[in-house]
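Contents: one structure, followed by commentary.
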Amino acid sequence: MSAAGRIAEDYLLGEADTLQAIAEGYAAAVQTGKFANRSIKPEQARLFAAEFRTRADALYIIAPSLRQHLESGLSRASLNRGEGG
């Protein structure tokens with residue numbers, strides 16, 4: 723596994739974990755009825771939770787593919803340099 727692929731995947735998975743935690747926070751606020759920001763209504767919080775969950779899910783799906791893509795591209799670039807040298 724290339725360092726670039728691993729770093730990119732780890733970064734995206736970290737971002738996904740953060741978004742998932744935010745979604746869980748909104749969902750918990752809806753369940754308990756306790757909002758840090760009193761201007762947010764329960765329906766808004768439900769929508770925010772769904773949005774952050776969707777974004778997190780997308781990153782969880784994209785991260786491994788990006789790693790594979792980077793590794794494949796880096797492997798081809800290495801081969802091309804070797805052939806040209």
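Each number in this note's numbering corresponds to the 1-based position in the sequence shown with 722 added.
Heads up, the beta-carbon is just placed ideally off N, CA and C, and yes, glycines get one too.
DSSP places isoleucine 744 inside the alpha helix (DSSP H), whose first and last residues are 725 to 754. Cβ contact annotation for alanine 745 (same chain, cutoff 7 Å, sequence separation greater than five): Ala771, Phe774, Arg775 and Ala778, in chain order. Arginine 760 counts as exposed, since fewer than 16 other beta carbons sit within 10 angstroms of its beta carbon.
Closest option to valine 752, judged by alpha-carbon separation, among Leu735, Gly727 and Lys763: Lys763. For the 8 Å CB-CB criterion, alanine 785 and leucine 741 do not form a contact.
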